Each structure stands twice: as structure tokens, then as C-alpha cells.
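Heads up: the sequence shown is residues -26 to -1, 1 to 349, going by mature numbering (1 follows the signal peptide of the UniProt record, and there is no 0).
For glycine and all other residues, C-beta sits at the position ideal for the given N, C-alpha and C.
Every value quoted in this text rests on a predicted model; they were computed, and no experiment measured them.
Shown next, in C-alpha cells, is the structure this report addresses.
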Amino acid sequence: MVKSLILCSVSVSLLLLFQLFSICDNAKNTKLVPALYIFGDSTVDAGNNNNLSTTARAISLPYGIDFNHTATGRFTNGLTVPDYFARFLGLPFAPPYMNLSELERRTTTTGLNFASASSGILPETGSFTGSPLTLDNQTDLFKITAKTLDVQNIKVHLAKSIFFISVGSNDYIMNYRNIASKMNKLFSPDYFAKFLAEELVKRLKKLYLIGARKFVVTGLGPVGCIPAIAKSTPHEGDCAESFNQALLSYNKELFMKLSKLQSQLYGSFFVHTDTFKFLHELKENKEKYGEARLASSSVIILPVPQTHFCSSITGITDTQNACWDGKHDPCAVRDRYIYFDSAHPSQITNSIFAGRCFSESSICTPMNVMQLVSA
């Protein structure tokens, strides 16, 4: 249980600022859905890998430097996107499944986090880091949970809950684009994109058969722009565009397959997040998000403190470098950076994305998360 206030300051336009004030009011009020269930990789891992035999861990500072100065296992300086979603939905943060006892797993009815850093859609992805929870492992653990969860009507509980899935980048970084992988020898980029999207669809169908109905599925961001790739891959310009083009093919396939899937699976709703578009906009139009403006918003109140406040920041100013290079002290003002480390977004990036996806439909289609709640 986190015992202190976490301040989440978001640099945004006036419209988004107004929206976020409305959203964040709910952090201490109405519970909009029964639960939030999370699956995926290091973008949403909240500490599962802390208890697994893998080198992919975020177990020491500066990870968590803005999360009560505690390294929880999140691969960022503070909160992740589903952390914000949980607060917007009136829920506590979904605890990592591997950190709980059997009793806690049965009695935690507001959501669980199954995500595992370095995992991918394909079972072999991430295996060189040790033994993370594959996406198949995660869905299997959820199936066990659904059978034992202490709720009155499990069918209704699952149908009204939200399932957040953020996965796929590692299938390119650690698998397809890895020179030691057989995948890039067997598949063309377009064929691999289709294959990978279809493999994810198979896992989504498994969740549907267990009882899931409301899904938020993230598209892949411009991985060719993350510092780890951009600084190690020969290219012209700011990003490795050949890398990005491969991911755009996957995003196109995923969007089409999710639309088709919703028409096939009765009572299902799929929200697709255009993470690529979002990060590109953030990179190219950072002034839109409040540079040189007051940026107070999104104050999330956790138990204990009796006071809360907002702060002001100057806005995102660095779109290419990581706040923390893994060797030296992190930057002093984390909210000026899109990326916290060489591969993961900062808390400010997560907060802007979550606010937009929750309340508007430009990057989350065909509906935003608030509309998904009412669907």
C-alpha cells in the first residue's frame, strides 16, 4: 500500500487541462467499472518481474523516483498509463499478480496486473532475458484467477471490467530485428506484421472466452525513435525510419483485425490506441502541451496525506534523449522529457496519453475509454 501522495503534473492544452480536471475528480469518487486487468510488457509491468528469474527488472532507483521515491518494478520515474486509467476509473492501482498470496489473488476484486517486462506476443520473445511471463502465461494465470475470484457474479464482473493490453514492441526489438532470430529470415516485414497481429488476436479470443468483453489494445509506438534504437542504428534524421515503417505495417493490420474481431465476438468492444500517432504528435508539437505555461492538473490522492497540491512545469522540451542514461544521475526535471530511460516513456508522457485516450477519440478509436465504460 502506497502511503503518500503522488503528484501527477500534466502539461497540456487548455482543453485537455479542463478534461483532466474533470477526470481526476473521479479519482476519489465513483467506481466506474468493477476492475481493470492489465497484460503486456515493461510499458505496463508494475512489479511482476521482481519475483521472476529474469534480468528485466526495475528494482532500484531512479525507477520510481517520482513514485514515493520507491522502485516498485515500473519501468518509469512514476506512473504508467494503466495507473492513470485506474485512478480515472475510481479504482486502486492493480497490484502485480506475482506479488500476491493465493488469498490476495482471490480477494482482490478491483483488478490485477499480469504484465511482465521483456515479454511479447510470441512465446519466445524475451527468453534471452530469463523467464518472464509470456503473454500465454499471463492469460493462463488470469483464467485461474477468474475461476477463483471472490465476486458474486463472475460473468457480470468480467463483462463490465476493462482489459488493457500493451504488448508487441519486444517482438520487433528482441525478436524480428534481432540478428540472431530466425524470424527475419523466414518472414518479410509485411508478412511478419500480419502474422504477429493474428497471434495477438488468438490471445484476445482466449480472454474473450474467459469472459472479457471490453478491451483497450495498444498499437505500437515509433520504436525507431526511442533513444536505445535511434542512437544505435545507422540512419538519417532523428529516428530509424526503416524500423518505424515495419511497425506501421503491424499497426495497420492490428486496427483492421480488431474491427473485424468486434463484429465476430458478440458483445465485445475493442479500443485501439494509436500510440504511434500520439508520440509523433508529442515529438513534433510539444508546444501544444503547455511549454512555458502553467501545467497543473491530474492530482492523484493516495491514502494518508490530508493535503494535496498542483505544481507548474515548463513543459516537454527534450524529445530525443532519455532523462536517465542508465549510468549517471537522472535529469532534475523529469517532466521535460518524453523518455525516462532509453526505452520507456516518462510519467508525463504516460499522463498525457492516458488523459487523451480516456476523454477523446483522436488517438483511441472507435471510442475513448470513458465511452467504453458506458458501452
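query, result
"Extent of the continuous beta strand (DSSP E) to which ILE136 belongs", "136 to 140"
"ALA89 vs ILE12 beta-carbon contact at 8 angstroms", "yes"
"Own chain residues within Cβ distance below 6 angstroms of LEU174, not counting five before or after", "ILE95"
"Own chain residues within Cβ distance below 8 angstroms of PRO97, not counting five before or after", "THR108, LEU109 and ASP110"
"Contact set for ARG308: own chain, Cβ-Cβ below 8 angstroms, skip 5 residues either direction", "ILE39, ASP40, ASN51, GLY52, CYS297, PHE314, SER320, GLN321 and ILE322"
"Beta-carbon proximity of ALA204 to GLY198, cut-off 8 angstroms", "yes"
"Three or more C-beta pairs below 8 angstroms linking the stretch 206 to 223 and the stretch 153 to 161", "no"
"Euclidean distance between Cα positions of ASN87 and GLU258", "32 angstroms"
"Selected residue, minimal CA-CA separation from HIS254, among VAL191, MET72, PHE327 and SER223", "PHE327"
"Counterpart residues of VAL191 in DSSP-defined beta bridges", "ILE139 and HIS246"
"Contact test: ARG308 Cβ vs the ligand SAM heavy atom, cutoff 7 angstroms", "Although the ligand SAM was asked about, the structure shown includes no ligands whatsoever."
"Residues near THR291 in its chain [Cβ-Cβ closer than 6 angstroms; skip 5 each side]", "ARG310"
"Beta carbon of LEU178 nearer than 8 angstroms to that of LEU228", "no"
"GLU172 versus TYR182: straight-line alpha-carbon distance, rounded", "15 angstroms"
"Counted within 10 angstroms of its Cβ, other Cβ atoms place ALA266 as buried (16 or more) or exposed", "Caution is warranted here: a pLDDT of 28 is assigned to ALA266, below 50, making its placement in the model unreliable, and the coordinate value is therefore given only provisionally. That one is exposed."
"SER135 and VAL7 closer than 8 angstroms at C-beta", "yes"
"For PHE13, three-class secondary structure by DSSP", "strand"
"Minimum C-alpha distance to LEU10 - residue among PRO70, THR84 and GLY300", "THR84"
"Alpha carbon of CYS331 to alpha carbon of PHE250, nearest angstrom", "13 angstroms"
"MET230 burial status per 10 Å Cβ neighbour count (16 or more: buried)", "exposed"
"Distance, ALA306 Cα to HIS318 Cα", "17 angstroms"
"Run of the alpha helix (DSSP H) containing ILE203, from where it starts to where it stops", "201 to 204"
"SER333 classed as buried or exposed, judged by whether at least 16 other C-beta atoms fall within 10 angstroms", "buried"
"Buried/exposed call for TYR240, threshold 16 Cβ in 10 Å", "exposed"
"8 angstroms contact criterion, which PRO36 and PRO340 should meet: CB distance rounded", "Not quite, the Cβ-Cβ distance comes to about 38 angstroms (not below 8 angstroms), so this is no contact."
"ASN342 classed as buried or exposed, judged by whether at least 16 other C-beta atoms fall within 10 angstroms", "buried"
"Helix, strand or coil at TYR240 according to DSSP, with G and I counted as helix", "coil"
"Where TYR37 falls: helix, strand or coil (DSSP)", "coil"
"N-terminal and C-terminal residue of the beta strand (DSSP E) that TYR311 is part of", "311 to 313"
"Close-in-space but distant-in-sequence residues of the same chain around ASP124 (CB under 7 angstroms, 5 per side omitted)", "ARG80, THR81 and THR83"
"ASN87 - DSSP class collapsed to helix/strand/coil", "strand"
"Option in ALA32, GLU76 and ALA20 with minimal Cα separation from TYR58", "ALA20"
"Exposure label - GLN238; buried when at least 16 CB within 10 Å", "exposed"
"Selection from THR247, THR46, LEU222 and ALA220 that minimises the alpha carbon distance to SER233", "THR247"
"Sequence ranges, alpha helix (DSSP H) only - wholly within the stretch 145 to 188, length at least 4", "157 to 160 and 163 to 184"
"Cβ-based burial, ASP164 [other Cβ within 10 Å; buried from 16]", "exposed"
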